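Heads up: the protein sequence lines correspond to chains A and B, in order.
Residues in the first sequence are numbered consecutively from 1, following our numbering.
Residues in the second sequence are numbered consecutively from 264, following our numbering.
Protein chains: 2
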Amino acid sequence: MEPIISTDNSRVKEARSLQRKRQRTAKQACLVEGLRLCGDAWAAGARFQRLFFVPDAVEASSSLAALLTEMTAAGVETLPCTEQVFRSLADTVTPQGIAGVVDLPALSLPASPGLVLILDGIADPGNAGTLLRSAEAAGVDGVLFGPGSVDAFNPKVVRAGMGAHFRLPLGQCGQWADLVDLLPPHLPLFLADAQGDLAYDQVDWTQPAGLILGREATGASPQARSAARAIHIPMAGATESLNAAVAGAVVLFEAARQRRQRT
Amino acid sequence: MEPIISTDNSRVKEARSLQRKRQRTAKQACLVEGLRLCGDAWAAGARFQRLFFVPDAVEASSSLAALLTEMTAAGVETLPCTEQVFRSLADTVTPQGIAGVVDLPALSLPASPGLVLILDGIADPGNAGTLLRSAEAAGVDGVLFGPGSVDAFNPKVVRAGMGAHFRLPLGQCGQWADLVDLLPPHLPLFLADAQGDLAYDQVDWTQPAGLILGREATGASPQARSAARAIHIPMAGATESLNAAVAGAVVLFEAARQRRQRT
């Protein structure tokens, strides 16, 4: 099969358009780049509409070749393209020669989640993706992206998520009220806040709960503040705050620790 | 005082040279950029050799003006420069109009540290800086940068450290043996490792200990492996590993939690 040589190819243009949130929402698809991420999404059962690859990159990597063979056999449309064309659709600075157009996953929160993570205005893509990765590892049942948060399927968030996007139920809500609708009624909510009066390890995390993380610079929204009990992580030294991805992980793994001890 | 208008000014050239590790080591100084970081370093007692500033930026910010006045009164050489000159010495993409040349701090580890963090080949500047910030907040007594780690005073590490560099004893060791020399004899060492046999929360962190974090991609060095007991963070889902800055924070705050409970 001849490689695509034009950056104006319609499928290439469509893939490139998925770098924009509006297009991702309209097409309910996102771009997944790199061998590791494509492999993780594939293994998690994500539906690939098509896969772009650079033949030289496939020649150079047996794992890439194996994934390509497997996807082709499963009926995924696989499209060779020149390196220049590939660069035109990739978001990464040093593209790895493989990228897929993948349906946005439609995993929904369980009816009675044990632990839900809520991002309230987390705008940094690296922090949001790292939080997803940590949330999955800590056994969270789902993550909700609230108003003001980065789009969950922004390519940088997907990269930092290391595949968690395709294994963990995710919800995105433009309004706080929509977010509340996704949660079970009466789910106790806790807000990580340096000024909170309760230490995070004094919460009984063996009970169902939602953890809200607010934005690093300006703090949580008024809605989050009124809906949740504020908890803090006791800190030594002159540190005023923790990185949002770090604070989230510290609380989530304390919850995981308590749940392990109970069983 | 007339602003410096030439990027060839000797003091500007010297400041710019501090973006390179070799020059930082030779001159035992580093560049600290931005109002917050300069203020934090100053408050922590760091010795400023000089401070560069853009007059327009000082006009626009009363906090910046206050810091400048305080430093001038304390005898720090303060040098106005044009925005173009300032950009030539700054590492940041959007410089804030203030940057200081600061002596590398010379804080040493206490003779009997309670908890030491050891970075074994942590090369990512953001991770290294975030780890310093978390380490200070968790009450660590000092951080040692082992072989293969990023330079502690790399401008990106300093930015992510949020001032921890000037409040926390730091050591940098090109050889593992030099690092061991800085530790008290017989200090028990633990290595965070997804394959470790002991869960991190089963360690008695109320006792003196060193925590080693290895590089994300390739794992810890043979020296670290042979010197330390491997501990893991139990993980749910298909996650294979955590971000190094996250894994470090989870273990350090478990140590802090145990130490708080003991008292």
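Virtual Cβ for every residue (Gly too), placed ideally from N, Cα, C.
Since we're looking at a predicted model, the values are computed, not measured.
Apply the 10 Å Cβ neighbour rule to residue i and answer buried if 16 or more other Cβ atoms are within range, or exposed otherwise.
i: V93/A; result: exposed
i: S332/A; result: Chain A is shown from 1 up to 263; residue 332/A falls before or after that span and cannot be answered.
i: D467/B; result: exposed
i: G338/B; result: exposed
i: E503/B; result: exposed
i: E77/A; result: exposed
i: E517/B; result: buried
i: S62/A; result: exposed
i: E264/A; result: Residue 264/A is absent from the model: chain A starts at 1 and stops at 263.
i: L515/B; result: buried
i: P125/A; result: buried
i: A177/A; result: exposed
i: L423/B; result: The amino acid occupying residue 423/B in the given sequence is Ala; Leu does not appear at that position. By the 10 Å Cβ count, A423/B comes out buried.
i: D181/A; result: exposed
i: P485/B; result: exposed
i: P184/A; result: exposed
i: A247/A; result: buried
i: I5/A; result: exposed
i: A43/A; result: exposed
i: A41/A; result: buried
Do residue i and residue j have their C-beta atoms within less than 9 Å of each other?
i: D298/A; j: A46/A; result: Residue numbering for chain A in the displayed model covers 1 to 263; residue 298/A lies beyond these limits and cannot be assessed.
i: L378/B; j: G473/B; result: yes
i: I98/A; j: F52/A; result: yes
i: N9/A; j: V85/A; result: yes
i: Q96/A; j: L64/A; result: yes
i: C436/B; j: L407/B; result: yes
i: N127/A; j: A245/A; result: yes
i: G214/A; j: I122/A; result: yes
i: C293/B; j: V317/B; result: no
i: A135/A; j: L117/A; result: yes
i: D56/A; j: E83/A; result: yes
i: D354/B; j: Q282/B; result: yes
In terms of residues, what are the limits of the beta strand (DSSP E) holding residue i?
i: P80/A; result: 77-80
i: V321/B; result: Per DSSP, V321/B belongs to no beta strand (DSSP E); it is in the alpha helix (DSSP H), 318-323.
i: G434/B; result: 433-435
i: A415/B; result: Element bounds for A415/B: n/a, residue is neither H nor E.
i: L179/A; result: Segment 176-182 is the alpha helix (DSSP H) holding L179/A; no beta strand (DSSP E) there.
i: R492/B; result: 492-495
i: A99/A; result: 98-103
i: F145/A; result: 142-145
i: D383/B; result: 378-383
i: G482/B; result: Looking at the DSSP string, G482/B is not in any beta strand (DSSP E), and its letter there is neither H nor E.
Going by DSSP, what residue range makes up the alpha helix (DSSP H) through residue i?
i: Q347/B; result: 346-352
i: V251/A; result: 244-262
i: G129/A; result: 125-137
i: G45/A; result: Unbroken run through G45/A: none, as it is neither H nor E.
i: V12/A; result: 10-17
i: A192/A; result: Unbroken run through A192/A is the beta strand (DSSP E), 189-192; no alpha helix (DSSP H).
i: A289/B; result: 284-290
Mind reading off the beta-carbon distance from residue i to residue j? Whole number of angstroms is fine, and I expect it under 8 Å.
i: I233/A; j: A224/A; result: That pair is no contact at about 17 Å.
i: P528/B; j: L372/B; result: In the structure as shown, chain B starts at 264 and stops at 526, and residue 528/B therefore has no counterpart that could be examined.
i: V158/A; j: G129/A; result: 7 Å
i: A512/B; j: V250/A; result: 6 Å
i: S88/A; j: P208/A; result: With a Cβ gap of about 47 Å, S88/A and P208/A do not count as contacting.
i: R274/B; j: L342/B; result: 6 Å
i: D120/A; j: A220/A; result: 5 Å
i: T206/A; j: Q258/A; result: 5 Å
i: K21/A; j: D151/A; result: 4 Å
Are there three or more Cβ pairs, one per stretch, closer than 8 Å when the stretch 437-452 of chain B is compared with the stretch 486-493 of chain B?
-> yes
Validate contact between the stretch 138-147 of chain A and the stretch 9-18 of chain A using beta carbons, cut 8 Å, 3 pairs | no
Indicate whether the contact test is met: 3 or more Cβ pairs, each with one atom in the stretch 190-200 of chain A and one in the stretch 164-181 of chain A, closer than 8 Å.
-> no
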